[in-house]
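Novice:
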């Protein structure tokens, strides 16, 4: 167990080449964001490719580490990701980061992709420089992405917990949940129906709370400016795709399949960051392969499903 046959990992981060001093600085920034990495992390494509081979991963959809990097740094990150895809077209895809704290810059980065970075999809962090994805100023960005029928990968931003603990355990999952509930009630999923939206970490706490949303979400005391009904809420949540990063256990999957169809589950490893390593990625695969919620056929299908979401990456892999 722990090895698969040609899966696609939708949740894989990368870092441009850095010096030891830069890695030390990044490590301290991660710790300041309550991502308590044990030591500075050095991402190398050759090391990641070797890990992919050991685990049986055919393709990774690379996305920048979701930190509040300045715009020039984010653009450089996307450029390096594009170069990685050019160097390894059958092994890597790119989910380009968008500067969603600046709508004009985000639109410019989308346009730049047509001629320079050619991403397969886009990474969205739940908030950037304090600006949440539900900010109404971002409507032109969503309209453009919807026009393109884009695939979006929503990843939580690091939020400091109210007690001493890494934000990885509970704050990241709840940050995703808060963001999606905001998008739900502001009509994001109805206004932009051509978008494909994938949530990191199996949607965080959202699947476990989806029943509560369906039960209470249309009550008169809920802020519900669009007048969503319980059926509307269930329908909109069922449109989402969920990755299995650190979430391949039966407890996660049982909640997930009450919210989305089984064919809306995709494999993710959360590779390329200090909190993930080959051992816990292997344990996550083991949990999937030994699932009592999904059949072996369903597990293998979710491992390959991202090829359907990212046809250009699938074509490069062939």
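In UniProt numbering, the protein residues as written are 1 to 318. Where a beta carbon is used, it is the ideal one built from N, C-alpha and C, also for glycine. Bear in mind that the values here come from a model prediction, so they are computed numbers and not experimental data.
Under 8 angstroms by Cβ, that's how I've got residue 122 and residue 107 pegged, so tell me the actual separation to the nearest angstrom.
Specialist: Reading the chain shown from its first residue, position 122 is the one you call residue 122. Reading the chain shown from its first residue, position 107 is the one you call residue 107. Rounded, the Cβ-Cβ distance is 12 angstroms, inconsistent with contact.
Novice: Starting from residue 121 and walking both ways along the alpha helix (DSSP H), at which residues does that stretch end?
Specialist: Along the chain shown, one-based indexing puts residue 121 at 121. Premise fails: residue 121 lies in the beta strand (DSSP E), 121-125, not in any alpha helix (DSSP H).
Novice: Is residue 95 near residue 63, with beta carbons less than 8 angstroms apart?
Specialist: By 1-based counting over the chain shown, the position of residue 95 is 95. By 1-based counting over the chain shown, the position of residue 63 is 63. Cβ atoms of residue 95 and residue 63: closer than 8 angstroms.
Novice: Report the start-end ranges of each beta strand (DSSP E) in the stretch 84-167 that is 3 residues or longer and not cut off at the edges.
Specialist: Listed in chain order, the complete beta strand (DSSP E) runs (minimum 3 residues) inside the stretch 84-167 are 92-97, 121-125, 151-155.
Novice: Considering only DSSP beta bridges, list what residue 266 is partnered with.
Specialist: In the chain shown, the residue the question calls residue 266 occupies position 266. According to DSSP, residue 266 bridges with 243.
Novice: Kindly give me the distance between the Cβ atoms of residue 256 and residue 242, rounded to whole angstroms, as I take these residues to be in contact under 8 angstroms.
Specialist: If you number the chain shown from 1, residue 256 lands on position 256. If you number the chain shown from 1, residue 242 lands on position 242. Between residue 242 and residue 256 the Cβ distance is about 5 angstroms, and since that is below 8 angstroms, they are a contact.
Novice: So who's on the other strand from residue 210, going by DSSP bridges?
Specialist: Here the question's residue 210 lines up with position 210 in the chain shown. BP columns for residue 210 are empty, so no partner.
Novice: Taking the alpha carbon of residue 141 as the point to measure from, which residue in 252, 105, 248 has its own alpha carbon closest?
Specialist: As a position in the chain shown, residue 141 is number 141, starting the count at 1. Of the listed residues, the one whose Cα sits closest to residue 141 is 105.
Novice: On the criterion of 16 or more Cβ atoms from any shown chain inside 10 Å, does residue 236 qualify as buried, or is it exposed?
Specialist: Position 236 of the chain shown, counted from the first residue, corresponds to residue 236. Its Cβ being crowded by 16 or more others within 10 Å, residue 236 is buried.
Novice: Check whether the stretch 224-231 touches the stretch 204-212, counting contact only when three or more Cβ pairs, one atom from each stretch, lie closer than 8 angstroms.
Specialist: Judged by Cβ distances under 8 angstroms, the stretch 224-231 makes no contact with the stretch 204-212, as fewer than three pairs qualify.
Novice: Would you kindly report the start and end of the unbroken beta strand (DSSP E) that includes residue 9?
Specialist: For the purposes of this step, residue 9 is taken as the residue at position 9 of the chain shown. Per DSSP, residue 9 belongs to the beta strand (DSSP E) from 7-14.
Novice: By the three-class DSSP mapping on this structure, what secondary structure does residue 59 have?
Specialist: Along the chain shown, read from residue 1 onward, the residue named residue 59 stands at position 59. DSSP places residue 59 in strand when its eight states are reduced to three.
Novice: Below 8 angstroms on the Cβ atoms is my contact criterion, and I expect residue 175 with residue 156 to pass it. Report the Cβ-Cβ distance as a whole number of Å.
Specialist: Here residue 175 refers to the residue found at position 175 when the chain shown is read from its first residue. Here residue 156 refers to the residue found at position 156 when the chain shown is read from its first residue. With 8 angstroms as the limit, residue 175 and residue 156 qualify as a contact, their Cβ atoms being about 4 angstroms apart.
Novice: Among residues of its own chain, excluding the 5 on either side of residue 309, which ones have a beta-carbon nearer than 8 angstroms to its beta-carbon?
Specialist: Here residue 309 refers to the residue found at position 309 of the chain shown. Same-chain partners within the cutoff: 10, 121, 151, 196, 198, 241, 266.
Novice: With DSSP collapsed to three states, give me the class of residue 65.
Specialist: Here residue 65 is taken as the residue at index 65 of the chain shown, counted from 1. In this structure, residue 65 counts as coil in the three-state DSSP scheme.
Novice: Applying the criterion that 16 or more other CB atoms from any shown protein chain within 10 Å of the CB defines a buried residue, is residue 124 buried or exposed?
Specialist: The count along the chain shown starts at 1 and reaches residue 124 at position 124. Its Cβ being crowded by 16 or more others within 10 Å, residue 124 is buried.
Novice: Please name the residue, chosen from 49, 73, 136, 116, that lies closest to residue 278 on a Cα-to-Cα basis.
Specialist: As a working note, residue 278 is residue 278 in the chain shown. Of the listed residues, the one whose Cα sits closest to residue 278 is 49.
Novice: Taking the straight line between their C-alpha atoms, what separation do you get for residue 312 and residue 234?
Specialist: On the chain shown, residue 312 is found 312 positions in, with the first residue counted as 1. On the chain shown, residue 234 is found 234 positions in, with the first residue counted as 1. Spanning the two alpha carbons is a distance of roughly 31 angstroms.
Novice: Let me know if residue 280 comes out buried or exposed under the rule of 16 or more other beta-carbons within 10 Å of its beta-carbon.
Specialist: Counting from 1 along the chain shown, the entry for residue 280 is found at position 280. When all chains shown are included, residue 280 counts as exposed.
Novice: Mapping the DSSP letters down to three states, classify residue 249 as helix, strand or coil.
Specialist: By 1-based counting over the chain shown, the position of residue 249 is 249. In this structure, residue 249 counts as coil in the three-state DSSP scheme.
Novice: Count the other CB atoms, across all protein chains shown, that sit within 10 Å of the CB of residue 39; report buried if there are 16 or more and exposed otherwise.
Specialist: Sequence index remark: in the chain shown, residue 39 carries index 39 (1-based). Classification of residue 39: exposed, given that the 10 Å Cβ count is below 16.
Novice: Just mark residue 264 as buried or exposed, buried being the case when its beta carbon has 16 or more other beta carbons within 10 Å.
Specialist: Walking along the chain shown from the start, residue 264 turns up at place 264. By the neighbour-count rule (16 or more Cβ atoms within 10 Å), residue 264 is buried.
Novice: Just the C-alpha distance for residue 212 and residue 298, rounded to the nearest angstrom, thanks.
Specialist: The residue you call residue 212 lines up with position 212 of the chain shown. The residue you call residue 298 lines up with position 298 of the chain shown. Distance between the alpha carbons of residue 212 and residue 298 is about 27 angstroms.
Novice: At the level of alpha carbons, what is the spacing between residue 127 and residue 133?
Specialist: The residue you call residue 127 lines up with position 127 of the chain shown. The residue you call residue 133 lines up with position 133 of the chain shown. Approximately 6 angstroms, taken between the alpha carbons.
Novice: Taking 8 angstroms as the cut-off, decide whether the C-beta atoms of residue 7 and residue 304 are in contact.
Specialist: As a first step, residue 7 must be located in the chain shown, where it is residue number 7. As a first step, residue 304 must be located in the chain shown, where it is residue number 304. Going by C-beta atoms, residue 7 is nearer than 8 angstroms to residue 304.
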